[in-house]
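**Q**
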Amino acid sequence: MMLVSLFAVLLGILFVLTMLIRLKIQRLSGWIAILAPITAAIMFITQIPKVLKGQYVVENLEWLPTYDVNLSFRLDGLGLFFALLISLIGVAVFFYATQYLSPKKEALPRFYSYFVLFMMSMLGIVTSNNTILMYIFWELTSVSSFLLISYWYDNKDSQNGAITSFMITVFGGLAMLVGFLLLYVVTGTNTITAQIAQYDKIIASPLFIPIVLLILLGAFTKSAQWPFHFWLPKAMAAPTPVSAYLHSATMVKAGIFLLLRYTPILGHSDLYMYSVTAIGLITMIYGSFTAIRQYDLKGILAYSTISQLGMIMTMIGLGSGIVKAEDSMMAELYAAILFGGMFHLLNHALFKGALFMGVGLIDHEMGTRDIRALGGLKRFLPITMIVMTLAALSMAGVPFLNGFISKEMFFEGLLHVYEFGTFNIIGASLVVITGFVASLFTFIYALNMIKVTFLGKIPSSEKIHEPKLFIMPATIMAILLPTIFIFPEQVGHYIIEPAFLNVTGAHHFMHFAPTLKQWHGINTAFMMSMIVIVIGATCVFLIDWKKWLTSGKEKWALHTLLERGYRMCETSTSFVLKAIMHNRLNSYLMITLIVYVALNLYGLTVVGVPELYQIDIYEYHIFHIILLLTVVIIGIALIFIRQRLTMVILTGGIGYTVALFYILMRAPDLALTQLVTETITTVLFIVSFSRLPNIPRGRFKAKVELTKIGIALVMAFTVVSFVFMIQQTNSYESISIFYHDAYEKSGGKNIVNAILGDFRALDTLSEGVVLIIAGLGIYTLLNYRDRRGQDERE
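Residues in the sequence shown are numbered consecutively from 1, following full-length UniProt numbering.
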């Protein structure tokens with residue numbers, strides 16, 4: 001129960017932070033929140049020896065066993081690799097957030113509640129062994145990232161960024177869910193390991209290609225691949241700790257994890273290899289070229305993330321051929337580039353986290369991220385300069401840093417593309433050229449960012465300082481960059497190899513993972529790296545890039561077209577709503593009445609007007625007539641009464657009279673429901689009127705009241721006509737046949753309760769949730785003024 005206990009601890013921390021909102025110790029919320037990643041990191045680190053031996057942690061709690069929807073968790077090598085990234089980098093980012101956010105200006109408990117939920121959702125994705133459970137956590141990351149990006153909700157950019165990221169990732173998540181459902185149709189199970197074990201059945205199914213496309217759509221949207229990349233730069237409106245965590249170890253890595261988890265199945269499709277490789281290369285070169293043109297430091301890093309994710313996608317796409325390799329030599333070629341992609345995923349998490357933390361410190365101290373207004377910061381921020389320089393050079397693939405090793409493996413894999421047999425000479429050449437040019441752009445924007453920010457003219461401000469605790473997490477991450485270069489074999493063996501074997505271990509050619517080496521000799525890949533360094537450095541120091549800078553807005557990009565379409569829909573919808581919705585209740589009721597009458601007349605023309613002898617009339621006696629007269633008398637009295645309380649009581653009297661009707665019709669369950677509902681409604685009316693201003697009802701006007709009576713009679717006639725039409729038609733079979741065995745299925749003797757609690761359980765649950773949300777909204781509105789006054793007094 002270790003994983004379940006972990007989620008219970010994280011959930012507990014979440015609730016504690018939520019409770020802190022109304023307390024005066026908000027400054028402690030960050031230090032309470034950091035217990036979440038520390039707890040997770042300790043737990044996952046202790047599992048490394050066990051996972052290395054293949055003793056995976058598996059937990060399963062039944063939820064809906066009939067449909068194989070269970071709380072099923074599995075911590076294997078791949079899940080452990082991502083879990084370590086999420087938790088360890090989470091410790092650094094949470095600590096960084098305690099220095100970045102001010103307790104006096106920020107609602108810290110709210111922020112850290114969202115942050116813990118975000119981390120918990122990501123851990124849920126990488127440890128889930130059930131597709132439906134994974135989907136739930138998948139969408140929780142979208143919800144929590146929406147809350148984090150819109151944390152500064154009074155900022156228009158935060159609002160737009162949150163909505164854009166939410167819409168794109170949820171759309172991809174729904175596509176992925178459909179793919180999961182198709183997998184269930186083919187395999188009969190939602191358990192991921194069981195699905196992978198049936199890979200031969202899946203690839204033989206006619207649903208295989210739709211499954212591939214739908215899962216790819218989910219991965220591409222989540223990991224910001226072209227053309228769905230535009231949500232990631234917009235997410236830069238979030239606080240920098242959010243950006244650092246989202247880009248380095250969490251949300252954008254979810255799509256990559258999804259592909260790695262399902263590579264044993266999807267890798268059997270050539271479409272998968274072509275799609276992932278092509279989209280990855282397009283994303284890589286597009287992101288790197290656009291990053292050169294940005295003047296916002298976070299914008300540069302945002303498009304840098306897009307480019308680096310494209311590089312990782314390319315390596316995964318090319319390396320996926322290992323699952324169908326026909327000889328050991330080809331398997332080793334595929335394995336090398338796939339292993340390099342997973343290694344670069346680790347490298348990217350480290351140097352991108354350090355870069356974002358450095359940019360956050362610069363923005364915090366300088367009040368700007370615009371490189372056109374920066375320069376000469378090496379004098380004031382020497383540690384930050386060293387940290388960001390190491391991180392930028394690692395991203396650019398400079399020797400003696402860990403990024404150099406993965407960049408060499410990337411080039412080496414590109415050079416062997418033609419040998420894979422999947423690409424012809426033209427396609428292979430295009431792959432190599434695209435990867436090389438994108439790497440050159442990467443070097444240019446990485447080095448130019450450091451040059452413009454820390455060299456050149458010194459800013460006029462003399463109040464800049466460099467808090468040591470602020471930059472400490474980034475410093476630790478920067479130290480790891482050359483450390484991993486010195487000890488790559490140990491990192492590869494203990495962290496990456498177990499994950500790699502989970503992706504490829506079923507292949508009969510691969511019994512071991514490739515070995516990471518600092519030096520591969522003077523070969524073509526090394527020469528490509530040197531050419532990139534020489535040309536890139538020359539371009540950075542000889543070309544003035546300021547005239548190329550832009551805000552990144554593109555006229556014909558997908559997000560621009562979508563925004564235009566959204567504005568057009570908004571304009572047209574606003575026109576229609578203004579024409580219909582003009583705050584006149586009588587007009588709304590008249591429209592409703594017209595619609596009902598039109599449906600009634602249409603039904604009568606189809607069914608015909610029934611003869612009186614054909615109408616089934618319930619047997620009645622004197623009590624029914626007395627109750628009917630009571631309802632009529634009360635209804636007429638309501639026309640003349642002007643006092644609110646009397647009207648509420650009389651309206652309740654009609655409801656209680658209807659309950660007596662149910663009793664006479666031998667329906668005690670409906671009578672009880674009617675009595676409870678009527679009582680609650682009457683009490684709510686009285687409570688609501690006590691909170692509203694006492695506005696007396698207007699004087700009696702015969703014309704107005706007669707109009708209302710006419711409308712009521714028309715509606716009554718419409719309802720009765722519908723009943724008559726239903727009695728005269730046999731178009732549909734009786735619904736009662738669906739509940740003939742309700743007692744055996746549900747064990748309920750009351751058919752209404754059985755329908756609500758079992759047959760329509762999800763619908764009833766949704767209705768309950770809607771009522772709760774409505775109640776919370778009403779409570780908030782009623783108490784808003786008091787709470788606002790209290791905040792102002794404080």
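We treat Cβ as the ideally placed atom computed from N, Cα and C, and that holds for glycine.
What you are looking at is a predicted structure, and each value in this text was computed from that prediction instead of being measured.
1) For my contact list, residue 301 and residue 258 are in at a C-beta cut-off of 8 Å; report their separation, rounded to the angstrom.
2) Is residue 787 helix, strand or coil by DSSP?
3) In terms of residue numbering, what span does the beta strand (DSSP E) encompassing residue 760 cover?
4) Three-state secondary structure (DSSP) at residue 183?
5) Going by DSSP, name the residue or residues bridged to residue 370.
6) With distances taken between CB atoms, is the gap from residue 344 to residue 313 smaller than 8 Å?
7) If contacts are defined as beta-carbon pairs under 8 Å, then residue 123 and residue 86 qualify, I think. What distance do you get, rounded to the angstrom?
8) Between residue 223 and the rest of its own chain, which residues show a CB-CB distance below 8 Å, the 5 nearest in sequence each way excluded?
9) Give the secondary structure of residue 500 by DSSP, where H, G and I count as helix, E and B as strand, and everything else as coil.
10) If contacts are defined as beta-carbon pairs under 8 Å, then residue 59 and residue 73 qualify, I think. What distance do you get, rounded to the angstrom?
11) Kindly confirm or deny that the stretch 700-712 and the stretch 673-685 touch, where touching means at least three C-beta pairs closer than 8 Å.
12) Can you check whether the CB of residue 464 is closer than 8 Å to the CB of residue 381?
13) Can you name, in chain order, every residue of its own chain whose Cβ lies under 7 Å from the Cβ of residue 623, other than the five neighbours on each side?
14) Return the first residue and the last residue of the alpha helix (DSSP H) that residue 70 is part of.
15) Would you report the Cα separation of residue 352 and residue 245, rounded to the nearest angstrom?
16) Nearest-angstrom Cα distance between residue 150 and residue 647?
17) To the nearest angstrom, how far is it from the Cα of residue 321 to the Cα of residue 67?
18) Can you have a look at residue 99 and say buried or exposed, based on whether 16 or more other CB atoms are within 10 angstroms of its CB?
19) Can you check the stretch 39-73 for any beta strand (DSSP E) of at least 3 residues that lies completely inside it and give the ranges in chain order?
20) Leaving aside the five residues before and after residue 378 along the sequence, list all residues of the same chain whose C-beta is less than 6 Å from its C-beta, in chain order.
21) If contacts are defined as beta-carbon pairs under 8 Å, then residue 299 and residue 375 qualify, I think. What distance do you get, rounded to the angstrom?
22) Is residue 144 buried or exposed, if buried means 16 or more other CB atoms sit within 10 Å of its CB?
23) Return the CA-CA distance between residue 681 and residue 657, expressed in angstroms with no decimal places.
24) Quick one, which of 13, 54, 91 has its alpha-carbon nearest residue 38's?
25) Go ahead and label residue 520 buried or exposed: buried means 16 or more other beta carbons lie within 10 angstroms of its beta carbon, across all protein chains shown.
26) Just verifying my parser: in three-state terms, what is the DSSP assignment at residue 130?
27) Use the C-beta contact count for residue 31: other C-beta atoms within 10 angstroms, 16 or more gives buried, fewer gives exposed.
28) Leaving out the 5 sequence neighbours to the left and right, which residues in its chain are closer than 8 Å to residue 517 when beta-carbon positions are compared?
29) Counting only runs of 4+ residues fully inside the UniProt domain "MrpA C-terminal/MbhD" (630-693), write out the alpha helix (DSSP H) ranges in chain order.
30) Just to confirm before moving on: does the CB-CB distance between residue 395 and residue 335 stay below 8 Å?
31) Among 48, 619, 575, 654, which has the Cα closest to the Cα of residue 631?
32) Rounded to whole angstroms, what's the CA-CA distance from residue 596 to residue 748? Just pull it up for me.
33) For the ligand HEM, is there a heavy atom less than 7 Å away from the beta-carbon of residue 402?
34) Quick test of your reading: residue 160 and residue 69, contact by CB under 8 Å. State the CB separation rounded to the nearest angstrom.
35) Quick one, are the C-beta atoms of residue 604 and residue 725 less than 8 Å apart?
36) Using the C-alpha atoms, what's the distance from residue 174 back to residue 218?
**A** In short, the structure shows the following:
1) Between residue 301 and residue 258 the beta-carbon gap is near 24 Å, outside 8 Å, which marks them as no contact.
2) Unreliable positioning characterises residue 787 in this predicted model, as indicated by a pLDDT of 43, which lies under 50. A coordinate reading is not provided.
3) No beta strand (DSSP E) holds residue 760; DSSP gives it neither H nor E.
4) Three-state DSSP puts residue 183 in a helix.
5) Per DSSP, the beta bridge partners of residue 370 are 296.
6) Against a cut-off of 8 Å, the Cβ pair of residue 313 and residue 344 comes out as no contact.
7) Right, the Cβ-Cβ distance comes to about 6 Å (below 8 Å), so this counts as a contact.
8) Sequence-distant Cβ neighbours of residue 223 in its own chain, meaning closer than 8 Å and more than five residues away, are 252, 253, 254, 255, 256, 309, 313.
9) The answer is helix: DSSP assigns residue 500 an H, G or I state.
10) With a beta-carbon spacing of about 5 Å, residue 59 and residue 73 fall inside the 8 Å limit used to define contacts.
11) Under the Cβ criterion (8 Å, minimum of three pairs), the stretch 700-712 does not count as touching the stretch 673-685.
12) A contact, by the Cβ cut-off of 8 Å.
13) Within the same chain, 664 come within 7 Å of residue 623 by CB-CB distance, once the 5 residues on both sides are set aside.
14) Counting along the chain, no alpha helix (DSSP H) covers residue 70; the unbroken beta strand (DSSP E) around it starts and ends at 69-75.
15) Those two C-alpha atoms are separated by around 9 Å.
16) When rounded, the separation of the alpha-carbon atoms in residue 150 and residue 647 is 45 Å.
17) Each residue's Cα considered, the two are about 33 Å apart.
18) Buried: at least 16 other Cβ atoms inside 10 Å.
19) Within the stretch 39-73, the complete beta strand (DSSP E) segments at least 3 residues long are 57-64, listed from N- to C-terminus.
20) If you ignore the 5 residues before and after residue 378, its C-beta comes within less than 6 Å of the C-beta of 385, 454, all in its own chain and listed in chain order.
21) Between the beta-carbon of residue 299 and that of residue 375 there is about 18 Å, and that puts the pair past the 8 Å contact cut.
22) Label assigned to residue 144: buried.
23) Those two C-alpha atoms are separated by around 15 Å.
24) When only C-alpha atoms are compared, the closest one is 91.
25) Result: exposed.
26) Shown here, residue 130 sits in a strand according to DSSP, grouped into three states.
27) Exposed, because fewer than 16 other Cβ atoms sit within 10 Å of the Cβ of residue 31.
28) Result list for residue 517: 405, 488, 489, in chain order.
29) As far as the UniProt domain "MrpA C-terminal/MbhD" (630-693) is concerned, its whole alpha helix (DSSP H) runs of at least 4 residues are 644-664, 668-691.
30) Contact flag unset, no.
31) Of the candidates 48, 619, 575, 654, the one whose C-alpha sits nearest the C-alpha of residue 631 is 654.
32) One alpha carbon belongs to residue 596, the other to residue 748, and they sit about 36 Å apart.
33) The ligand HEM is not part of this structure, which contains no ligands at all.
34) Residue 160 to residue 69, Cβ: 35 Å. No contact.
35) Annotated as proximal: residue 604 and residue 725, with beta-carbon spacing under 8 Å.
36) Looking at the backbone, the Cα of residue 218 and that of residue 174 are separated by about 8 Å.
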